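> Sharing a structure, written as structure tokens. Questions coming.
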Amino acid sequence: MQAILTLLVLFGGVKIMKKRLFPIVIVLLAFICIMTGCQKAAKPNTLKDLKSGDFVFNKDFPDKKLLANMQKAIKQIGMDTDEVDGFYVGPDWANGYRYYFQYGDEGTRYDIYVNQDHSVASIKSNKTKINIYEKGYEPFNYQEVENNPDYYANVIRKQTGNSTEETSSDNTNNTNTIILTDGETGKYGKLSSSGAVHFTVPAGHYLAESMSGNVKISQVNVNNEEDYSFIAEFNSKGEKAEIDVKDGYYLELTVNGKVKLTAK
């Protein structure tokens, strides 16, 4: 602004500015606006437009179904959704998306793990490292967890009506065959803290067959969840592919997926 006033003096005052300098002033103001961030950021149209590290306000969140699911889960742990005005985007995890938000006077960070069907798998306190919300189980109250973390770190959760139950669906008459079903632990599965089922099968070479239509199989390092890859993808029931399961890795299926593994 000081530079603009200097220009007015040099070129003979306001009257001259009106006739001769008006275009120059407009250009200068536009330049200053651009340099100071006056431009309005573009709103994301899809989840793919969001990058890890981005912050997106609720009003700009591109998927209203996912936003509603996250807000519902936040309410279930005793929080006021009006105090959560947006989410930070985290790196994807093996079974879907990850978001962060801050809550409370201390600005405690909470991590939301979202499945590929946009259901919420879990909400974890970054302060206590405890899953306050976990799909298939009754949620905890966030304040009670923060006030008594030692108790809640070891408490046995109560399952809800939509919880996963251990079944024997992966047992067959053929000892070389294993059936894995998303949402069922069975012989080889274990429910993780994020709410997903991790299947630990013997390492080796398998013929994988889809029993549910569209399904992906991912392989995840047991010591580093960021180390994962999709080792098979099926678009129709009965489709087959050969896969290699490595030692020290577990398998995950996409939502509602079911596959048969036959050792070779």
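Position 141, counted from 1, in the sequence shown is what the UniProt record's numbering calls 141; the numbers after and before it change by one each time, with no gaps. Virtual Cβ for every residue (Gly too), placed ideally from N, Cα, C. None of these values were measured; they are calculated from a predicted model.
Which full runs of the alpha helix (DSSP H) of 4+ residues lie inside the region 108 to 156, going along the chain?
Taking only runs of at least 4 residues, the alpha helix (DSSP H) segments lying wholly in the region 108 to 156 are 142 to 147, 149 to 152.
> Does the distance from the C-beta atom of LEU251 to that of VAL201 stay below 9 Å?
Within the sequence shown, residue 251 is the residue found at index 251, counting from 1. Within the sequence shown, residue 201 is the residue found at index 201, counting from 1. Going by C-beta atoms, LEU251 is nearer than 9 Å to VAL201.
> Who are the near neighbours of GLN71 in its chain, counting only those whose CB is closer than 7 Å to its CB and skipping five residues on each side?
Here the question's residue 71 lines up with position 71 in the sequence shown. Excluding positions up to five away in sequence, the list reads THR81.
> Return helix, strand or coil for GLU252, following the three-state DSSP convention.
On the sequence shown, residue 252 is found 252 positions in, with the first residue counted as 1. DSSP places GLU252 in strand when its eight states are reduced to three.
> Under 9 Å, do LYS260 and ALA203 count as touching if we go by C-beta distance?
The residue you call residue 260 lines up with position 260 of the sequence shown. The residue you call residue 203 lines up with position 203 of the sequence shown. No, Cβ-Cβ distance for LYS260 and ALA203 is not below 9 Å.
> Alpha carbon to alpha carbon, how far is LYS258 from THR181?
Taking the first residue of the sequence shown as 1, we reach residue 258 at position 258. Taking the first residue of the sequence shown as 1, we reach residue 181 at position 181. Whole-angstrom Cα-Cα distance: 4 Å.
> Give me the Cα-Cα distance between ILE77 and VAL145, rounded to the nearest whole angstrom.
Sequence index remark: in the sequence shown, residue 77 carries index 77 (1-based). Sequence index remark: in the sequence shown, residue 145 carries index 145 (1-based). Approximately 10 Å, taken between the alpha carbons.
> Would ASP63 and VAL255 be called neighbours here (beta carbons separated by less than 9 Å)?
Within the sequence shown, the letter at position 63 stands for residue 63. Within the sequence shown, the letter at position 255 stands for residue 255. No, the Cβ-Cβ distance between ASP63 and VAL255 is not below 9 Å.
> Relative to the C-alpha of LYS59, which candidate in VAL114, MET79, GLY86 has its C-alpha closest?
Looking up residue 59 in the sequence shown gives position 59. Comparing Cα positions, the closest option is GLY86.
> Is the region 136 to 153 in contact with the region 119 to 127, if contact means three or more CB pairs nearer than 8 Å?
They touch, by the three-pair rule.
> I want to know whether the region 204 to 219 touches the region 233 to 242 - three or more CB-CB distances under 8 Å.
Yes, they touch.
> Does ASP105 come out as helix, strand or coil in the three-state DSSP assignment?
Within the sequence shown, numbered from 1, the residue matching residue 105 stands at position 105. The answer is coil: DSSP assigns ASP105 none of H, G, I, E or B.
> THR46 to GLN143, Cα distance in whole Å?
Within the sequence shown, residue 46 is the residue found at index 46, counting from 1. Within the sequence shown, residue 143 is the residue found at index 143, counting from 1. Distance between the alpha carbons of THR46 and GLN143 is about 33 Å.
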